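Notes to accompany the following structure.
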Amino acid sequence: MSVLSAPLPIDEILPGLIAVLRERSGAVLVAPTGAGKTTRVPPALLAAEIGGGRQITRQIIMLEPRRIAARAAARRMAEEWGWTLGREVGYQVRFERRAGPETRILVVTEGILVQRLQADPFLEDVGAVIFDELHERNLQTDLSLAMARRVQREVRPDLRLLAMSATLDPGPVAAFLGDVPTIESRGRLHPVDILYLDRPDDRPLPGQIAAGVRRMLAATPGDVLVFLPGVGEIQRSAEALADLAAERNLAVLPLYGDLPAERQDAVLRPLDRRKVVLATNVAETSITIDGVTAVVDSGAVRRLRFDPATGLDRLELGRVSRASADQRAGRAGRQAPGVCLRLWPSWEQATLPERETPEIARVDLAGPALQLLSWGEPDLAAFDWFEAPDPAALDAATLLLRQLGALDVHGVTPLGRTMARLPVHPRLARLLVEGQRLGHPREAALLTAFLAERDPFPRSPRGTGPRRASRSDLLDRLDALEAFERRESSMGDLNAGAARFVLKARDQLTDLMKRELGGSQGSSEDQEDSLLRALLAAYPDRVARRREPRSPRGVMVGGRGVRLADESAVLEAPLFLGVDLDAGHSGPLSEALVRKASEIHPEWLPPESLRTAVDLEFDATRERVAAWKRTRYEDLVIAEAEVPPPDAAETARVLAEAAAERLDRALALDDPEVSAFLARVRSLADWRPELMLPRFTEEELRGLLPALAAGRKSFAELRRAPLLDLLQGALSHEQREAVRREAPERLEVPSGSHVRIAYEPGKPPVLAARIQEMFGLAETPRVAAGRVPVLLHLLAPNGRPQQVTHDLRSFWENTYPQVRKELAGRYPRHAWPQDPWNARPERRPQRR
């Protein structure tokens with residue numbers, strides 16, 4: 009019999025909603041916070057036999073995004089209608105179910121409906137599905153909505169689908185559900201005064217929270233609800249509020265998803281003293297916390313976001329959306345007029361995003377991909393999503409499923425179908441399957457529960473390293489959890505509540521494994537090795553190799569650099585798994601931080617993912633080609649040894665490629681004979697273009713490398729190669745003769761000496777000779793078939809230029825008399841004839 013409390017605004021529209029659902033396949037209900045949609049709509053549909061007539065007994069399933077909301081909604085409906093929780097109305101969340109064969113209204117979290125669809129693809133015993141708080145757009149919500157719509161459209165036109173929200177834009181979802189009607193409820197939210205800070209507050213967040221709570225306690229007579237981004241901020245804010253709580257006799261209570269159910273329930277009920285509830289965004293929607301008339305909003309939220317560059321989800325701290333801020337403020341007006349203090353200036357409000365980005369656009373899609381493929385969907389990209397995900401994210405999800413062994417070229421493998429039956433992420437499903445196969449299911453279940461739930465171990469302060477080396481940070485924590493269970497007392501800083509939650513989840517997973525995987529066959533293999541191998545099966549893409557012995561740095565499959573956190577005790581293993589990774593900043597040089605690692609042995613790696621090959625590469629340090637025999641897991645080198653290069657032709661190719669990048673180091677271009685020949689050819693090419701001489705550009709020199717590198721392995725050997733012969737061989741006979749004749753290495757001067765000419769492209773050729781050796785020569789020598797005069801450096805007896813000229817006749821006539829007068833006294837033993845035209849040239853060694 010109904011024992012309903014006072015009427016709620018939603019009651020006014022229920023007849024119209026029922027009428028629509030009798031005629032149409034679905035509807036969208038938009039009702040403000042506090043209208044009563046969560047607790048009044050499901051019983052109304054049940055009473056109207058929506059989705060099942062008198063001859064058909066079918067359930068009404070309502071999806072809630074959060075466990076706390078699902079439990080609270082079921083309990084509230086039971087209280088209002090005088091039902092027994094677990095009989096007429098029940099709930100099912102991960103690892104917890106209170107429902108039976110008589111349950112007609114079942115409140116579930118989204119993943120439960122996906123599992124139901126796997127077991128019963130047509131939802132034969134379900135008459136209606138209600139998607140509450142659809143605006144949150146959790147990944148599993150989007151998936152279950154799309155799957156239910158596919159069932160309705162193709163095989164169950166009698167299935168009714170109802171989307172409900174306070175802030176949802178109804179147009180897109182109404183169109184997705186088949187252009188169904190939208191119904192709006194006015195709601196009865198009490199007025200809420202919105203207050204802002206005058207200016208940004210630079211104090212740490214706990215200090216801001218303490219000041220805000222004090223202000224709100226003075227502004228209203230009721231309780232205060234504080235929104236914070238995470239459990240760490242909740243704990244630090246509770247510490248900051250300790251003095252105020254003692255002064256005012258306040259109950260400071262945390263509220264977050266992993267809090268034990270009994271503690272969550274206690275928060276929702278009135279107390280005999282004022283309370284301050286420190287909550288994550290679990291308190292934004294669907295639940296009413298009795299007595300709250302004030303809200304303090306930090307404006308911060310943590311969201312999972314998938315980083316395609318690393319293949320990892322990472323929690324990002326960001327600003328709340330305007331829609332979420334409005335939802336948070338509305339909590340202050342559920343039962344009476346209230347006030348909301350936003351810890352940001354009013355001008356920042358317009359800079360907030362309008363709505364949250366749906367999870368499907370920002371997180372790992374491996375779980376939904378496996379569920380759809382196992383459900384029979386052949387093409388993930390072609391599936392009729394409510395909002396299609398990024399194709400790159402789907403590709404990454406498919407790749408991971410292949411690495412986990414859930415997919416092969418034929419589709420979902422038997423292993424993949426087994427994994428899909430387990431309501432955990434595919435990685436964790438793989439861990440459970442492997443742990444059961446290796447004979448240690450209970451321990452594998454504990455490991456899975458630890459990875460899936462909130463970590464009960466506090467993070468070590470930065471700079472505090474581990475006390476000892478260990479094989480696995482994960483197994484160390486499992487040992488501590490089992491010790492805690494035996495003693496039933498908290499160990500050090502271990503969070504006892506979170507530890508009990510992990511242990512409870514282990515027991516539930518163990519039962520699940522017995523149902524889905526059967527009994528364990530037992531194993532003679534060491535338990536530690538079995539668990540470490542199960543971890544490897546779950547994280548095959550997280551294998552990393554240490555760069556150097558005992559170094560905290562490594563490289564992971566895919567080439568990403570990683571660094572072990574200070575608190576990791578895996579100090580020695582050359583190969584390890586990065587199980588708990590913080591992707592950090594994206595970028596080619598950034599390193600992912602490994603907070604929890606685990607040792608692996610090379611022989612554990614699957615043979616089909618290993619390959620051995622000899623790699624030829626250029627060693628820039630030794631400037632030589634080296635051959636390395638390498639064993640790779642995927643693309644990660646796990647073993648290597650230098651061997652003799654096996655292929656001379658390939659060695660020459662690698663050497664030539666390296667030399668092409670460093671011609672100055674690889675070729676003897678600074679050899680005097682080589683550099684002189686190049687200068688002669690290049691200069692003559694400028695002076696006599698009709699000769700079609702090569703200019704031996706860098707590109708032309710690179711063209712000689714294959715011939716030079718043949719049979720050689722190093723730059724040192726290349727520099728000893730006959731480069732000059734090859735350069736000369738690149739000229740035709742006629743060109744070589746032209747160079748010899750018109751750009752000669754030396755010129756004979758009157759003394760009989762053959763003096764070298766210095767060539768430099770773009771400049772005149774230079775001949776440096778003592779003045780005495782040039783007596784009797786009237787005209788300046790020329791090269792290039794007489795086109796280019798030689799620039800003469802006429803040297804004093806000390807070998808230094810006394811005159812630079814390209815007009816020897818002018819020198820003898822005009823400058824020599826002065827030079828003779830100046831130098832004769834300084835160098836009396838040298839000839840200084842008055843008539844240089846007819847004087848005998850002297851061939852005397854120059855003074856150095």
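Remember, our numbering sits 8 above the position in the sequence shown when you count from 1. We treat Cβ as the ideally placed atom computed from N, Cα and C, and that holds for glycine. Predicted model only: the values in this text are computed from it and were never measured.
field: When 37, 131, 191 and 14 are compared against residue 158, the one with the closest alpha-carbon
entry: That would be 131, whose Cα lies nearest to the Cα of residue 158.
query: Any chance the segment 755 to 774 sits against the segment 842 to 852, with 3 or more Cβ pairs inside 8 Å?
result: As far as the Cβ criterion goes, the segment 755 to 774 touches the segment 842 to 852, which means the pair count is three or higher.
message: Here's the rule I'm using: 16 or more other beta-carbon atoms within 10 Å means buried, otherwise exposed. How should residue 63 be labelled?
response: Below a pLDDT of 50, predicted positions are generally treated as unreliable, and residue 63, at 45, falls in that range; the measurement from the model is reported next regardless. Residue 63 should be labelled exposed.
message: Looking only at its chain, what residues have a beta carbon closer than 7 Å to the beta carbon of residue 163, apart from the 5 residues adjacent to it on each side?
response: Only 130 meet the Cβ criterion.
task: Thinking residue 541 and residue 612 are a contact (beta carbons under 8 Å), I'd like their distance in whole angstroms, please.
output: Taking C-beta atoms under 8 Å as the contact rule, residue 541 and residue 612 qualify, at a distance of about 5 Å.
task: Starting from the C-beta of residue 222, find all residues in its chain whose C-beta is less than 7 Å away, skip the five residues before and the five after it, and write them out in chain order.
output: Cβ-Cβ distances below 7 Å link residue 222 to 252 in the same chain, with the five nearest sequence neighbours on each side left out; the list follows chain order.
task: Count the other C-beta atoms from every protein chain shown that fall within 10 angstroms of the C-beta of residue 559, then say buried if there are 16 or more, exposed otherwise.
output: Residue 559 should be labelled exposed.
task: Report buried or exposed for residue 146, applying the criterion of at least 16 other Cβ atoms within 10 angstroms of its Cβ.
output: Under a 10 Å Cβ-count criterion, residue 146 is classified as buried, with 16 or more other Cβ atoms of the shown protein chains found around its own Cβ.
message: Can you tell me whether residue 352 is helix, strand or coil according to DSSP?
response: In this structure, residue 352 counts as strand in the three-state DSSP scheme.
message: Less than 9 Å between the C-beta atoms of residue 567 and residue 561, yes or no?
response: Here residue 567 is not near residue 561, since their CB atoms are 9 Å or more apart.
query: For residue 607 versus residue 647, is the C-beta spacing smaller than 9 Å?
result: The Cβ atoms of residue 607 and residue 647 do not sit closer than 9 Å to each other.
message: Please report the straight-line C-alpha distance between residue 754 and residue 778, rounded to a whole angstrom.
response: One C-alpha to the other measures close to 15 Å.
query: Hey, residue 272 and residue 279 are a contact pair by Cβ (cut 8 Å); roughly how many whole angstroms apart?
result: Actually they do not touch by this definition, with Cβ atoms about 14 Å apart.
- prompt: In chain order, which continuous runs of the beta strand (DSSP E) of length 3 or greater are located wholly inside the segment 598 to 638?
  reply: Within the segment 598 to 638, complete beta strand (DSSP E) segments of at least 3 residues are found at 599 to 607 and 618 to 627, given in chain order.
query: On the three-state DSSP scale, how would you describe residue 231?
result: Annotated three-state conformation of residue 231 is strand, per DSSP.
- prompt: Should residue 250 be labelled buried (16 or more other beta-carbon atoms within 10 Å of its own) or exposed?
  reply: It is exposed - the Cβ of residue 250 has fewer than 16 other Cβ atoms within 10 Å.
message: Only counting the same chain, and skipping five residues up and downstream in sequence, which positions put a Cβ closer than 7 Å to that of residue 186?
response: So the list reads 33 and 34, once near-sequence residues are dropped.
task: Measure the CB-CB distance between residue 381 and residue 419 and report whether it falls below 9 Å.
output: Contact check for residue 381 against residue 419 passes: the beta carbons are separated by less than 9 Å.
query: By the 10 Å Cβ neighbour count, where 16 or more other Cβ atoms means buried, how is residue 643 classified, buried or exposed?
result: Burial call: exposed.
field: Classification of residue 604 by the beta-carbon crowding that lies within 10 angstroms, buried from 16 upward
entry: Classification for residue 604: buried.
- prompt: What three-state label does DSSP hand residue 718 in the structure shown?
  reply: For residue 718, the three-state secondary structure derived from DSSP is coil.
query: Short check: CB of residue 551 to CB of residue 573, under 9 Å?
result: It is not a contact, given that the beta carbons lie outside the stated cut-off.
field: residue 100: first and last residue of the uninterrupted beta strand (DSSP E) it sits in
entry: Unbroken beta strand (DSSP E) run through residue 100: 97 to 101.
query: Taking the C-alpha atoms as reference points, what is the distance between residue 231 and residue 464?
result: The alpha-carbon atoms of residue 231 and residue 464 are separated by roughly 29 Å.
- request: For residue 797, write down the residues that DSSP places opposite it in a beta bridge.
  value: Bridge partners of residue 797: 790.
- request: Over the uninterrupted alpha helix (DSSP H) stretch that includes residue 204, give me the two end residues.
  value: Residue 204 -> not in any alpha helix (DSSP H); beta strand (DSSP E) instead, spanning 200 to 205.
task: Output yes or no for whether 9 Å exceeds the beta carbon distance between residue 695 and residue 750.
output: Going by C-beta atoms, residue 695 is nearer than 9 Å to residue 750.
message: Do residue 82 and residue 115 count as a contact pair if the criterion is CB distance below 9 Å?
response: If you check the CB distance, residue 115 and residue 82 come in under 9 Å.
- prompt: Which residues share a DSSP beta bridge with residue 173?
  reply: Per DSSP, 38.
- prompt: Can you name, in chain order, every residue of its own chain whose Cβ lies under 8 Å from the Cβ of residue 30, other than the five neighbours on each side?
  reply: Excluding residues within five positions, the ones whose Cβ falls inside 8 Å are 56 and 58.
- prompt: So, helix, strand or coil for residue 824, using DSSP?
  reply: Assigned with DSSP and collapsed to three states, residue 824 falls in helix.
query: What number of angstroms, rounded off, separates the C-alpha of residue 331 from the C-alpha of residue 507?
result: Taking the straight line from one Cα to the other gives about 35 Å.
- request: Pick helix, strand or coil for residue 23, following the three-state DSSP scheme.
  value: If DSSP states are grouped into helix, strand and coil, residue 23 belongs with the helices.
task: Give the single residue among 151, 536, 254 and 227 whose Cα lies nearest to the Cα of residue 368.
output: Residue 368 has its Cα closest to that of 151, out of 151, 536, 254 and 227.
message: Using only CA atoms, which one of 20, 51 and 621 lies nearest to residue 39?
response: From the listed residues 20, 51 and 621, the smallest Cα separation to residue 39 is found for 20.
- prompt: Between the segment 780 to 789 and the segment 732 to 744, do three or more beta carbon pairs fall short of 8 Å?
  reply: At 8 Å Cβ cutoff, the stretches do not touch.
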